[in-house]
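Numbering (our numbering), first residue to last: 974 to 1242.
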């Protein structure tokens, strides 16, 4: 098990347990808080090969909650545009799947952002449920229900759930093979090959990025012995992403966070 996989799995376990504890103690713990905690934990626990940057867009211009670039320059990179949703434990439902921003369905914003930026649109579901007997994950290495504390599923599956009566539940999503533990994103870099093309609605030949954009290499540059470039801020470990060509200029949407998960360092782990 490589280092990113261990950390992703650990955070899924923690998310599962924390959602339950917050529910039992009647403490509000929403998806924004869970996202921030998990991503900051990724940043703190894996400085060698995971870096993140907070871009803080306004709600009206947020294309997705976070974006992951996962892969290596040797094998290529997949760019994921990710929207987070937390389960409501009392109803076992994801109540905000049909959320709108200024009258526009959030799912349409995610799709538009993804198409403009050659990203794969997926949802990250934060979970706790007693309905685990319904689970039918497509991951052959899945063993423990707590791995589903953070699960991922294609945008088209969420759109189907929104249109289908009674489908916005934990058991509906997790009885479908395309919903997987989020650790699968780093466990199997070719994960998208396990998702049926009709569930992604994308031409996968166009989804592979052969190289990491230069501006994101700057986020990783502190690993090298070379002096950092002028655009790099040593104190914050950040670069000016907005001034780069990382985002399409055809739309005004941006992710809240951008993360780079370099699997090259772990290929021999």
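Ideal Cβ positions, reconstructed from N, Cα and C, are used throughout, including at glycine.
The way I'd put it, the segment 1030–1049 does touch the segment 1219–1235; three or more beta-carbon pairs between them come closer than 8 Å.
Non-local C-beta neighbours of residue 1080 in its own chain, meaning closer than 8 Å and more than five positions away in sequence, comprise 1056, 1070, 1071, 1128, 1131, 1132 and 1135, ordered along the chain. If you compare the alpha carbons of 1185, 1099 and 1078 with that of residue 1002, the shortest gap goes to 1099. Take the alpha-carbon of residue 1188 and the one of residue 1138: they are about 44 Å apart. When C-beta atoms of the segment 1045–1065 are compared with those of the segment 985–993, three or more pairs fall below 8 Å, so the two segments count as touching. Taking the Cβ atoms as the reference, residue 1159 lies roughly 6 Å from residue 981, within the contact range of under 8 Å. The beta carbon of residue 1126 sits closer than 7 Å to those of 1095, 1096, 1098, 1146, 1151 and 1152, all from its chain and outside the five residues before and after it, given in chain order. Comparing alpha-carbon positions, the option among 997, 1091, 1022 and 1236 lying closest to residue 1102 turns out to be 997. Counted as a single uninterrupted DSSP element, the beta strand (DSSP E) harbouring residue 1040 occupies residues 1035–1045. Residue 1134: not part of any beta strand (DSSP E); member of the alpha helix (DSSP H) spanning 1128–1136, first to last residue.
By a beta-carbon distance limit of 8 Å, residue 1009 does not contact residue 1054. Their separation comes to about 18 Å. Under the three-state reduction of DSSP, residue 1099 is assigned to strand.
CA-CA distance, residue 1047 to residue 1104, rounds to 41 Å. Relative to the Cα of residue 1219, the nearest Cα in the group 1191, 1236 and 999 belongs to 1191. Residue 1013 sits away from residue 1023, with the two beta carbons spaced by 8 Å or more.
One thing to note: residue 1065 has its Cβ no nearer than 8 Å to the Cβ of residue 988. Leaving aside the five residues that flank residue 979 on each side, none in its chain has a CB nearer than 7 Å to its CB. With distances taken between CA atoms, residue 1144 lies nearest to 1109 out of 1109, 1116 and 1120.
Taken through DSSP and simplified to helix, strand or coil, residue 1050 comes out as strand. Assignment of residue 1094 by DSSP, reduced to helix, strand and coil, places it in the strand class. Our two residues, residue 1119 and residue 1154, have alpha carbons roughly 9 Å apart in a direct line. Take residue 1018, set aside five residues on each side of it, and the residues of its chain with a beta-carbon closer than 6 Å to its own are 980, in chain order. The Cβ-Cβ distance between residue 1122 and residue 985 falls below 8 Å. Along the length of the segment 987–1029, whole alpha helix (DSSP H) runs at least 4 residues long occupy 1004–1018, reported in chain order. When DSSP states are grouped into helix, strand and coil, residue 1147 belongs to the coil group. By the CB criterion at 8 Å, residue 1044 and residue 1236 fall inside the cutoff. The Cβ-Cβ distance between residue 1180 and residue 1093 falls below 8 Å.
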